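Participant: For any residue, its number in my numbering is found by taking its place in the sequence shown, counting from 1, and adding 37.
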Amino acid sequence: MVTSDRRVKIAFLSILSNTLLIIFKIIAGILSGSVSIISEAIHSGMDLIASLVAFFSVRQSAKPADRKHPYGHGKIENFSGMVEGVLIFIAAAMIIFEAIKKIFEPVEIEQSTIAIVVMIFSALVNFAVSSKLYRVSQEEGSMALEADALHLKTDVYTSLGVGTGIILIKLTGLLMLDSIVAILVALLIIKEAWELSKSAFDYLLDTSLSDEEEEEIQKIIREHSSKFIDYHKLKTRKSGNVKHIDFHITVDPHLTAREAHDIIGNLKRAMNERFKNTRVNIHIDPYKDDKN
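#1: Within the same chain, show all residues whose beta-carbon is closer than 6 Å to that of Met38, passing over the 5 residues directly before and after it, in chain order.
#2: For the 8 Å Cβ check, are there 3 or more pairs between the region 215 to 224 and the region 254 to 264?
#3: Assuming Asn318 is part of the beta strand (DSSP E), what are its boundary residues?
#4: For Asp289, which three-state DSSP category applies?
#5: Within the region 61 to 148, note down every full alpha helix (DSSP H) run reaching 4 residues or more, in order along the chain.
#6: Is it the case that the Cβ atoms of Asn115 and Ala230 are separated by a distance below 8 Å?
#7: Among the candidates Glu260, Glu251 and Val279, whose CA atom is the shortest distance from the CA of Lys270?
#8: Suppose contacts are defined by Cβ-Cβ distances below 8 Å. Is Leu85 in contact with Ile59 by that definition?
#9: Please report the Cβ distance between Arg43 and Val173, rounded to the nearest whole angstrom; I am assuming they are in contact, meaning their Cβ atoms lie under 8 Å.
#10: Do you know whose CA, among Tyr171, Val72 and Ala152, lies nearest Glu183's CA?
#11: Looking only at C-alpha atoms, which of Phe61, Phe49, Asn303 and Ser71 sits nearest to Ala91?
#12: Mind checking who Tyr268 pairs with in its DSSP beta bridge?
#13: Report, in whole angstroms, the separation of the C-beta atoms of Lys275 and Leu246, which I expect to be a contact under 8 Å.
#14: Identify which residue in Lys228, Leu205 and Met308 has its Cα closest to the Cα of Glu260.
#15: Who does His281 pair with in a DSSP beta bridge?
#16: Along the alpha helix (DSSP H) that carries Leu197, what are the first and last residues, could you check?
#17: Give the straight-line distance between the Cα atoms of Val155 and Leu212, rounded to the nearest whole angstrom.
#18: Could you check how far apart the C-beta atoms of Ile113 and Ser88 are, in whole angstroms? I think they sit under 8 Å.
#19: Taking DSSP as the reference, what is the three-state secondary structure of Thr150?
#20: Taking DSSP as the reference, what is the three-state secondary structure of Leu212?
#21: Does the Cβ of Leu61 have 16 or more other Cβ atoms within 10 Å, making it buried, or fewer, making it exposed?
#22: Do Asn314 and Val279 have their beta-carbon atoms positioned less than 8 Å apart in this structure?
#23: Kindly list the residues whose CB is nearer than 7 Å to the CB of Val218, restricted to its own chain and excluding five residues on each side of it in sequence; keep chain order.
#24: On the three-state DSSP scale, how would you describe Ser54?
#25: Based on Cα-Cα distance, which residue from Arg306, Leu304, Asn303 and Pro323 lies nearest to His291?
#26: Where do the ends of the alpha helix (DSSP H) carrying Leu304 lie?
#27: In three-state DSSP terms, what is Leu246?
#28: Exposed or buried, which one is Leu124 when buried takes at least 16 other CB atoms within 10 Å?
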């Protein structure tokens, strides 16, 4: 088990921050009676579960390839993205259900100052943690951490929205605003869940890397094209934080094994310098002249 992996450490930070914020939000929700704050506590509860999923998935995906899993364990991260997406949908449904109930049974907002302070504090903490998570996810190519960062980034907006709603209630006296804000929070969460689930599902289906990445791959191949005749059958995919690049090159049939090996080595080296966590597989095809 690779417990020293950088991704594992940052995933654990998310667990700690979510646990802290859940405690504060539950206290603020009970003291104020605000359904929007309770909805935020529910959202953070789902985020905590998602953080736990991310934590265990990056631990597993960090394990090296073995006999039963020769391509590694990277897709565990993609699967965790699907799980996190489902959790977010559930959280949104719970929030909408509670908000609709409160429309017909409005509750006076009490201790509004405490509620506002908790929401602002929550937004600041989530902004700091989500920024760190997103930076590490991009550097390490981790979908699980990117999904976790997306959760917390949404929490920043929702916490600010809830805080703004409570301020408006204090100014206008319209208790219905609490439920309206909660429903808007839920709709934003649903949008987040859809984007996350779609991205995770695409990777589970071995969707190609982005157009920009494939163009960069082809650029590297063209830079070395003087050493071979042509290239074809380029295929790319991503499994967890590992990018896989496969293609064929056509070479002069009179090349020695060492010369062909050097061509492949130079291409792989260039790919690995450009893309982190990349596995490159290159197949050699000898050139056939139909005239001879």
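Glycine included, every Cβ here is placed at the ideal spot set by N, Cα and C.
The structure displayed is predicted, hence computed values, not measured ones.
Facilitator: Judging by the given coordinates:
#1: Confidence in Met38 is poor, its pLDDT being 39 and thus under 50, which makes the residue's placement unreliable; the coordinate value appears in the next sentence. Counting only Cβ-Cβ distances below 6 Å, and skipping sequence neighbours, we find nothing.
#2: no
#3: Thr315 to Pro323
#4: coil
#5: 72 to 98 and 112 to 141
#6: no
#7: Glu251
#8: yes
#9: 7 Å
#10: Tyr171
#11: Phe49
#12: Ile286
#13: 6 Å
#14: Met308
#15: Arg274 and Arg316
#16: Met180 to Thr209
#17: 19 Å
#18: Not confirmed; about 15 Å, so no contact.
#19: helix
#20: coil
#21: Contrary to the premise, residue 61 reads as Phe rather than Leu in this sequence. Buried, by the Cβ-count rule.
#22: yes
#23: Ser73, Gly198, Val199 and Gly202
#24: helix
#25: Pro323
#26: Ala294 to Arg311
#27: coil
#28: buried
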